[in-house]
Structures are given as structure tokens and as C-alpha cells.
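Peer 1: Numbering (the UniProt record's numbering), first residue to last: 1 to 253.
A virtual CB, placed ideally from N, CA and C, is assigned to each residue, including glycine.
In this text, all values refer to a predicted model and were calculated from it rather than measured experimentally.
1. Roughly how many angstroms separate the alpha carbons of residue 221 and residue 125, rounded to a whole number?
2. What's the gap between the Cα of residue 32 and the Cα of residue 140?
3. Can you tell me whether residue 63 is buried or exposed, with buried defined as 16 or more other CB within 10 angstroms of its CB?
4. Note down the Cα distance separating residue 144 from residue 156, rounded to an integer number of angstroms.
5. Going by DSSP, name the residue or residues bridged to residue 225.
6. Helix, strand or coil, according to DSSP, for residue 14 in the structure here?
7. In three-state terms, what does DSSP make of residue 129?
8. Given a cut-off of 7 Å, decide if residue 59 and residue 134 are closer than it, judged by their beta-carbon atoms.
9. Could you tell me if residue 82 is buried or exposed, where buried requires 16 or more neighbouring beta carbons within 10 angstroms of its beta carbon?
10. Enumerate in chain order the residues of its own chain whose CB-to-CB distance from residue 38 is below 8 Å, with the five nearest sequence positions on each side excluded.
11. Give the C-beta separation of residue 109 and residue 78 to the nearest angstrom, bearing in mind that I take them to be a contact with Cβ-Cβ under 8 Å.
12. Tell me whether residue 97 is buried or exposed, calling it buried when 16 or more other Cβ atoms sit within 10 Å of its Cβ.
13. State the Cα-Cα distance for the pair residue 84 and residue 151, rounded to the nearest angstrom.
14. Within a Cβ cutoff of 8 Å, which residues of the same chain sit near residue 216, ignoring the five residues on either side of it in sequence?
15. Just curious, the beta strand (DSSP E) that residue 150 is in, first and last residue?
16. State yes or no: is the C-beta of residue 245 within less than 7 Å of the C-beta of residue 224?
17. Helix, strand or coil: how does DSSP classify residue 124 here?
18. Our contact map puts residue 170 next to residue 218 with C-beta atoms below 8 Å; I'd like the distance itself, whole angstroms only.
19. Thinking C-beta only, is residue 243 closer than 7 Å to residue 187?
20. Assign residue 41 to one of two classes, buried (16 or more other C-beta atoms within 10 Å of its C-beta) or exposed (fewer than that).
21. How is residue 213 classed by DSSP in three states: helix, strand or coil?
22. According to DSSP, simplified to helix, strand and coil, what is residue 94?
23. Throw me the rounded Cβ distance for the residue 43 and residue 158 pair, which I believe falls under 8 Å.
24. Rounded to the nearest angstrom, what separates residue 99 and residue 172 at their Cα positions?
25. Alpha carbon to alpha carbon, what distance is there between residue 213 and residue 201?
As C-alpha cells, this is what we get:
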């Protein structure tokens with residue numbers, strides 16, 4: 001209302017437009033945000049992670065839109081400060097204020113992708129990719145194309161390419177539940193040895209709270225490395241034939 005009081009009739013449309021983003025520029029930035037987020041999201045979706053294609057695109061677009069709003073606010077403040085000198089000492093705009101709220105808000109979305117149990121933590125990479133995608137969206141929205149392109153390239157390098165080049169963890173954590181306490185040494189270990197499945201380490205416990213036919217349930221969690229001719233699904237199919245083993249689950253991918 002203060003701006004209207006100062007007399008908008010004396011302002012020049014040309015000057016006002018010089019501070020505004022063009023429609024094509026807005027389309028360009030939103031399109032770039034969609035493309036970068038789609039590439040990252042496709043990788044997450046292919047590996048069945050909680051946040052996939054649409055989630056990454058929406059996060060990046062939302063961050064980009066808020067960055068565009070922040071830039072529009074700054075441009076508007078600059079316009080009024082330039083054309084109404086009496087307001088130059090009153091008006092102020094913090095370019096990082098709205099952006100800081102985006103980074104904080106992404107934490108809530110990222111937390112929803114993290115699964116924590118007594119055996120493992122899953123979803124940290126997906127949460128980090130959402131945070132990085134939001135940062136790319138902010139960079140694009142603010143018009144820092146060089147930062148967005150180089151930063152996006154590095155994110156893709158880590159998320160998509162690095163996993164294929166560097167095999168950090170080739171072991172899969174598998175949980176077995178059975179009712180005969182000798183199943184580990186009489187069934188599981190001989191099977192692993194016969195099929196050349198490497199066992200890094202395993203944990204063993206008795207679940208006294210759950211019983212089947214008045215028998216205790218035994219839980220064994222093993223870190224297994226499969227040879228080329230053996231897969232987790234083939235192993236699960238073979239061991240499921242044993243009547244004492246009633247559950248086999250892949251704990252980590």
C-alpha cells in the first residue's frame with residue numbers, strides 16, 4: 001500500500017520491465033530444473049527407492065519456483081528503490097531468506113525416505129539426492145546456470161555413474177528365520193560352501209517372544225557375497241525347500 005501512495009503514475013513501464021524476468025526465461029529455468037531432476041529421479045526409481053521420478057521433479061521445481069519468487073522480490077525492491085528514492089532507506093530484501101527455508105523444508109521430506117531398523121539404515125542416499133536436487137533447483141531459479149550445470153553433473157556422477165564404477169559393498173545382508181537350532185550348521189553353512197557363497201560375518205539370536213508349534217524361532221543375519229552363477233533369488237528358492245526355514249529376507253540391497 002505504501003508503494004501505491006508514492007504515486008505509481010510517475011513510474012516508467014520500460015524501467016519496471018527491465019527488472020522483471022521474461023516469460024521465456026522463466027520457462028527455460030523451470031524446464032532445466034525438470035530435466036535435471038528427471039535424470040536423477042529415474043536412477044532412484046529404477047532401484048526402487050522411496051523417492052522416485054515425480055518426487056525429485058516436484059522437489060526441484062518447488063525449489064526453482066521459490067528461487068524465482070525470491071528473485072522477483074529482490075527485483076521489485078530494486079525497482080522501487082531506484083525510482084522512489086525516499087523508499088531506498090526503508091526497503092530491504094534478503095536474497096537468502098526464502099532460500100534458507102527451502103533447505104530446511106527439504107529435511108522433512110528427506111527424513112521420510114530414511115528407514116531405520118535394528119539391522120540397517122536405508123534411504124540416506126535418496127535423502128541426500130533430494131537435498132542436492134533442491135540445491136540445483138535453487139541455482140537454476142536464481143539464474144546461476146553454470147553452478148547448476150556443473151553441480152548437476154557432479155550429482156549425476158555420484159548417483160548414477162560412480163555406483164557402476166566403484167563397487168563399495170558387494171555383500172548382501174540376508175536374514176534367515178528357522179525353527180531348528182541346527183539349521184545353521186547343518187543346512188545353511190554347507191549350502192554356502194557348496195555354492196561358493198562367501199560369508200563375511202553373521203549374527204545369531206533366539207526370538208523367545210515368537211514361537212511356532214511351541215518351538216523357538218532362531219534368527220540368523222549373514223553378510224553374503226554371491227558368485228557370478230548364483231543370485232539371492234536362486235538361493236532363496238533352494239533354501240525355501242527346507243521345512244525348518246520359514247522366512248528368508250534381503251535386509252540390504
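Peer 2: In short, the structure shows the following:
1. Each residue's alpha carbon lies about 23 Å from the other.
2. Rounded to the nearest whole angstrom, the C-alpha separation of residue 32 and residue 140 is 7 Å.
3. When all chains shown are included, residue 63 counts as buried.
4. In this structure, the alpha-carbon of residue 144 lies about 18 Å from that of residue 156.
5. Residue 225 is bridged to 198.
6. Its pLDDT being 41, under 50, residue 14 is placed unreliably in this model, and the value from its coordinates should be taken loosely. Here residue 14 sits in helix by DSSP.
7. Correct three-state label for residue 129: helix.
8. In this structure, the beta-carbon distance from residue 134 to residue 59 falls below 7 Å.
9. A residue is called buried when at least 16 other Cβ atoms come within 10 angstroms of its Cβ; residue 82 does not meet this threshold and is exposed.
10. Correct list, in chain order: 53, 56, 57.
11. Cβ-Cβ separation between residue 109 and residue 78: approximately 32 Å, too far for a contact (criterion under 8 Å).
12. With a threshold of 16 other beta carbon atoms within 10 Å, residue 97 falls short and is exposed.
13. Each residue's alpha carbon lies about 39 Å from the other.
14. If we look at residue 216 and ignore the five residues flanking it on each side, its Cβ neighbours are 179, 181, 206, 207, 208.
15. Counted as a single uninterrupted DSSP element, the stretch harbouring residue 150 is not any beta strand (DSSP E) but the alpha helix (DSSP H) occupying residues 145-156.
16. In terms of Cβ geometry, residue 245 and residue 224 do not form a close pair [threshold 7 Å].
17. DSSP places residue 124 in helix when its eight states are reduced to three.
18. With 8 Å as the limit, residue 170 and residue 218 do not qualify as a contact, their Cβ atoms being about 27 Å apart.
19. Cβ atoms of residue 187 and residue 243: not closer than 7 Å.
20. That one is buried.
21. DSSP places residue 213 in coil when its eight states are reduced to three.
22. In the displayed model, residue 94 falls within coil according to three-state DSSP, outside both helix and strand.
23. Cβ atoms of residue 43 and residue 158 stay farther apart than 8 Å, at about 10 Å.
24. Going by the C-alpha atoms only, they are around 39 Å apart.
25. It is roughly 30 Å from the alpha-carbon of residue 201 to the alpha-carbon of residue 213.
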